[in-house]
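Residue numbers (this note's numbering), protein chains in the order written: chain Z, 1400 to 2056; chain B, 1400 to 2056.
Backbone N, C-alpha and C fix where the C-beta goes; we use that ideal spot for every residue, glycine too.
Note sheet for the following structure.
There are 2 protein chains.
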Amino acid sequence: MVGMRGAYGYNGSGNESGGEVAVTEIAAMAVQHKVSPPPAQSTASKMKARVKETFFPDDPFRGFKGQPLRVKWLMAVQYLFPILDWVPSYSFSLFKSDLVAGLTIASLAIPQGISYAKLASLPPIIGLYSSFVPPMVYAVLGSSRDLAVGPVSIASLVMGSMLRQAVSPDQEPILYLQLAFTSTFFAGLVQASLGILRLGFIIDFLSKATLVGFMAGAAIIVSLQQLKALLGIVHFTTEMGLVPVMASVIHHTKEWSWQTILMAVCFLVLLLTARHVSMKWPKLFWVSACAPLACVIISTLLVFLFKAQKHGISIIGQLKCGLNRPSWDKLLFDPAYLGLTVKTGLVTGIISLTEGVAVGRTFASLKDYQVDGNKEMMAIGLMNIVGSCTSCYVTTGAFSRSAVNHNAGCKTAMSNVIMALTVMVTLLFLMPLFVYTPNVVLGAIIIAAVIGLIDLPAVYHIWKMDKMDFLVCVCAFAGVIFISVQEGLAIAVGISIFRVLLQITRPKMMIQGNIKGTDIYRNIHQYKDAQRVPGFLILTVEAPINFANTNYLNERMKRWIEEESSAGNKQTDLHFVVLDLSAVPAIDTSGISFLIDLKKSTEKRGLELILVNPTGEVMEKIQRVNDAHGHFKSDSLYLTTGEAVASLSAYSKMTTP
Amino acid sequence: MVGMRGAYGYNGSGNESGGEVAVTEIAAMAVQHKVSPPPAQSTASKMKARVKETFFPDDPFRGFKGQPLRVKWLMAVQYLFPILDWVPSYSFSLFKSDLVAGLTIASLAIPQGISYAKLASLPPIIGLYSSFVPPMVYAVLGSSRDLAVGPVSIASLVMGSMLRQAVSPDQEPILYLQLAFTSTFFAGLVQASLGILRLGFIIDFLSKATLVGFMAGAAIIVSLQQLKALLGIVHFTTEMGLVPVMASVIHHTKEWSWQTILMAVCFLVLLLTARHVSMKWPKLFWVSACAPLACVIISTLLVFLFKAQKHGISIIGQLKCGLNRPSWDKLLFDPAYLGLTVKTGLVTGIISLTEGVAVGRTFASLKDYQVDGNKEMMAIGLMNIVGSCTSCYVTTGAFSRSAVNHNAGCKTAMSNVIMALTVMVTLLFLMPLFVYTPNVVLGAIIIAAVIGLIDLPAVYHIWKMDKMDFLVCVCAFAGVIFISVQEGLAIAVGISIFRVLLQITRPKMMIQGNIKGTDIYRNIHQYKDAQRVPGFLILTVEAPINFANTNYLNERMKRWIEEESSAGNKQTDLHFVVLDLSAVPAIDTSGISFLIDLKKSTEKRGLELILVNPTGEVMEKIQRVNDAHGHFKSDSLYLTTGEAVASLSAYSKMTTP
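See the structure below:
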């Protein structure tokens, strides 16, 4: 008798003649619509569509279609070298803007380059080398107009901390340098591969909450490392954690040098004040941009005039003039160190890529142009591969310098070229001037730079919005501070992924009720005026139904049905279990087994299972099950809950005596 | 002017007076309903609800509520010892059924016990010990009525292969035995902990596709191992992979013994025929159930009569009479082997737990009673802990024996007790009879048992239903056969999880159209009669919006909007972007940032972003954003797409000149 309810076939080609006579009355009461499967497609074309959506969601070649071959070639060259987009129309007025911006970021890049190299336990000159070649490469290949390229604090910190575990930079400086270049090479390789293989979404797994916590932790670790320079301690721990560093600081109070501390306090106050001024009045961005260089000049002069290096203030010392030397002969693929360099390359590569791409996207959306993530990865990756062959270590787009670049009014990647040329002049002629630069001022510059990474408003926002995200953030922070930089990051990523899996494992299921006077059905806990329909149990599932949650759904559902049918009140004289599948994007074989099992167990209890609005893929599989076993006939499929309830209650009124 | 459209406040307490005068006409055209947030809850109570849903989805203590203290205690004892459920009402007629079933499974358990112990490279007697104590423990603690407990092939295989990597069972038999007991102890500990900590969902990550592939691969590996016994090879490889085993078989053709091979072929044919008979006529289940014991008896007699052990047929040899000896003094917590035993315990524990729980659930749903997964885990775990102290190795509910138990008409766990007592009698008095049992018949018994693990119809079903699941299945199979049992499993689990993550990373987004003459909106690719509404871009997202997919959603969405607004045809004069959030169960801070960003970028293009039907948690967060920044005012929130389109098109007709 079930078939008499009307054949609301899921078969697109309409075969409704089945029960037409019997349903005329019902049809007058409620119009019904068929659930139709998506248009038939071969497995190969479905696979192709899925691969395309996974790896080419941005459809980078859509402009190529229908163009003649010559134009296609031209477009391909333009795609690979974004510089060709802007060079032909480059004008003098654009150049003026870029010149100002380029000089401004150069004044920031020189002291930061030296400082960050020391953070990675590398010779200071490597920091300057890294501010010369990579920006030139990026100007040719990069598609962001605002990114200021160079060494950054966190990648330097991570590289230093990972390499120092195996090799001491003091005892084996040459080997250490080789490992740094090799790691840089692998970092570039990883970055370029992610771009070419279009696996850019890997960096999406570093969520904002993870990054906020990680950055804040790293900033504190970096600042703690500067205590060596700021206090003038000679015998400092080589560990990075909060506890060993503080222990080392306290145990070496005898080494504290008051001259150094005085200088540190003065320059820190100066730098932080400049930072504060620029934040309060964004037009005065140049104050904080020029402050580091000013500090370097003043402190160098002070040391030179007072011969302070003889009063316990340590200085950088002699630096060789000259441009980057080739370093491809220094790349070391010795199996003994291959694991270390690959791992270091992977971690620093992904961290610096995350920073670079995020910075590029931020400024692109401010100026309303597009940055292609995968293309950026290739650009950053190639830049690091070239860098590793020209005595540079890991570089990327730095947030602070890019902000200055943006504020200074840069128009194109030419500002990077100007910066690189300024660094080149420094490398060629001005290196002797840095002999007397005290290390303490470099420490102060680093602290002033990384303090901006501690983003308390973001932490507060995360706390307000989402407590689980806050937990992720705190774990990343605590992990970095108390365990290690890499492990803190790994823990936070692990928790983020576990949370996503948990959402799948325990999907939201809700009982829906009818909003009075409409055919709208909504969650009865959210909508007070949504009321249960007597005789119906209307449920929604909001997740793909798959192996990870079928057991849960099964138990949860059976319990609900049990509670409903055993409830004392006669009002809920349950006849129909309606499962709204609108929010189920996908289903796997375990999910299909779950549906079949549910169908059977409801039948045993004398109930009928109704499925509402299965979407494309789900509908396709339900149809396949039906073809094979005959579960889920067309009369148990409805397009909307409203139609299902209207039709079924009319039908049950007709059939019950 | 936007505020004039009428304040369809998300504030439950209704404040609609805002634009009442202006919207009277519209109100007549379309009735609208408010989007309301879920009732306010404190963070603590939300956390409590989530923890409850995650760890206690079955609400095991719901029966306890409102009962007097004495009843509560009684119920707690009953909860811990399910034997108390059925013992008080146990009757002689139940006992008769259990007796038959118990004797039947005992006839299967004795030869299988001996064989599986050899599979794990343990002395045969350990297999019998393991069929004595654990079933008794399970009868007290377990809640399944059909589970037949004892050693199983896959856990034996895995334990053997993992322990043999470190210790040779031939050269250091005592140490090997100690490691086996210790691993069993850890397996029990892992199982019981998963149950007590209510982390049972961990085993859900072994999807059906994974298990089908893994089981088939393991069955082949197990069968290959039997070639040693079946061909009579003496110098056999200790490796497990397909390639080394086949190489070893071919290299030792000289050791092949024709007497052994003849015997192997005869008994294999006998056993497989018996299996086939029982599968074809389920009433003849006892044919395959008794066949192994019959083979053992016949072969032993043959060897004894013909003195076949002198003609190249290897025999089990002397076995000591007597029951299990205590083995808690053999548990070895030496740091040198701790890593190995913990790892072995973890892997074998989870694998055997998966089998036991799945078997229990399967038969429970056939007989329509409930098995509590977490309680089963505690029972199986305790059973293994007790087992490890009484000379037993890892045991669980075996699929083949449970099926025989079920077919033989068992009623309660008493059948396990009968089986255990039969094994006890064997251990005490019948051991000398096994002296002449040839190893070849044990090999044949194992092959006949594991052949059932290769489930080709299931593979075909998976292939038909889901190509990605099929890939997972094939990877598990190939991994087990060509790499190793554990790594094959790890690869398959990895792919399963990666697939789930990929679904989150690339969520389904669809353009919806209106089904003519209704206010239903559906995917235009699935429904041919769904038509685009001019001026509207109606999109749905079917996944939680979180860090893993915001970048993708952002790019995808912007491209759609771009294509729409730059399309040549005047027909799509885009005004409104409608985002249906019905299928978005959750949103995190990155997701909220994405919504705000989308709002801003649509505004820049002169479009308006409308959100439809945000569910509980999402609505709550949207409200919080609104309180803080004023995005997403009440006039950009609608309960259904139909209402949004009706109201907005009426409004834009009114305002456009």
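Test: residue i CB closer than 9 Å to a CB of chain B
i	result
I1914 of chain Z	yes
Y1768 of chain Z	no
V1932 of chain Z	no
V1873 of chain Z	no
A1406 of chain Z	Low per-residue confidence applies at A1406 of chain Z: pLDDT is 38, beneath 50, and the placement is therefore not dependable enough to give any value.
V1884 of chain Z	no
G1878 of chain Z	no
Start-to-end residues for the alpha helix (DSSP H) that takes in residue i
i	result
R1469 of chain Z	1468–1479
F1869 of chain Z	1866–1877
R1563 of chain Z	1552–1563
L1630 of chain B	1607–1630
V1977 of chain Z	That residue, V1977 of chain Z, is in no alpha helix (DSSP H); its beta strand (DSSP E) goes 1975–1979.
F1684 of chain Z	1684–1705
G1738 of chain Z	1734–1766
Contact with chain Z by residue i, beta-carbon distance below 9 Å
i	result
T2001 of chain B	no
G2015 of chain B	yes
L2077 of chain B	Residue 2077 of chain B lies beyond the range of chain B shown here (1400 to 2056); nothing can be said about it.
Q1466 of chain B	no
D1484 of chain B	no
G1512 of chain B	no
Reference residue i; option with closest CA among the options
i	options	result
D1987 of chain B	B:V2011, B:K2020, B:K1957	B:K2020
V1940 of chain Z	B:L1952, B:V1932, B:Q1902, B:A1982	B:A1982
G2089 of chain B	B:M1639, B:G1594, B:L1629	An answer regarding residue 2089 of chain B cannot be provided, because it is not within the stretch 1400 to 2056 covered by chain B.
F1762 of chain B	B:L1781, B:A1802, B:M1777, B:R1724	B:A1802
G1599 of chain Z	B:A1947, B:M2018, B:L1493	B:A1947
K1866 of chain B	Z:V1434, Z:A1443, Z:L1827	Z:A1443
A2027 of chain Z	Z:G2015, Z:S1992, Z:T2040, Z:L2008	Z:S1992
N1950 of chain Z	Z:G1990, Z:G1893, Z:V1976, Z:G1465	Z:G1990
A1847 of chain B	B:D1497, B:P1438, B:L1670	B:L1670
G1748 of chain B	B:N1723, B:P1550, B:F1935	B:P1550
S1530 of chain B	B:A1985, B:Q2022, B:L1820, B:G2015	B:L1820
T1836 of chain B	B:G2029, B:T1743, B:Q1717, B:S1542	B:Q1717
T1503 of chain Z	Z:V1668, Z:I1894, Z:V1822	Z:V1822
F1935 of chain Z	Z:S2051, Z:I1894, Z:V1873, Z:L1745	Z:S2051
G1887 of chain B	B:L2006, B:L1556, B:A1875, B:W1685	B:A1875
V1390 of chain Z	Z:L1527, Z:L1605, Z:P1438, Z:K1447	Since the first residue shown for chain Z is 1400 and the last is 2056, residue 1390 of chain Z is missing from the structure and cannot be characterised.
T1740 of chain Z	Z:Y1575, Z:S1713, Z:L1641	Z:Y1575
N1953 of chain Z	Z:P1984, Z:A1985, Z:V1977, Z:L1994	Z:L1994
Buried/exposed call for residue i, threshold 16 Cβ in 10 Å
i	result
L1473 of chain B	exposed
C1791 of chain Z	buried
G1721 of chain Z	exposed
D2034 of chain B	buried
Span of the beta strand (DSSP E) around residue i
i	result
L2010 of chain B	2007–2011
I1910 of chain B	1907–1914
Under 8 Å: do the region 1668–1682 of chain Z and the region 1727–1736 of chain Z share three or more Cβ pairs, one atom per stretch?
no
Contact between the region 1768–1783 of chain Z and the region 1811–1820 of chain Z: three or more CB pairs below 8 Å?
no
Does the region 1477–1495 of chain B come close enough to the region 1789–1796 of chain B to have 3 or more Cβ pairs within less than 8 Å?
no
Count the CB pairs spanning the region 1896–1911 of chain B and the region 1451–1470 of chain Z that are closer than 8 Å, and state whether there are at least three.
yes
Check whether the region 1858–1875 of chain Z touches the region 1538–1546 of chain Z, taking contact to mean three or more Cβ pairs, one atom from each stretch, closer than 8 Å.
no
For the 8 Å Cβ check, are there 3 or more pairs between the region 1777–1786 of chain Z and the region 1574–1589 of chain Z?
yes
Flag this pair as touching only if the region 1573–1585 of chain B and the region 1555–1565 of chain B have three or more C-beta atom pairs under 8 Å; answer yes or no.
yes
Is the number of C-beta pairs between the region 1617–1624 of chain Z and the region 1639–1648 of chain Z that are closer than 8 Å three or more?
yes
Using 8 Å as the cut-off, can you tell me whether the region 1645–1662 of chain B makes contact with the region 1878–1893 of chain B, which would need three or more C-beta pairs spanning the two stretches below that distance?
no
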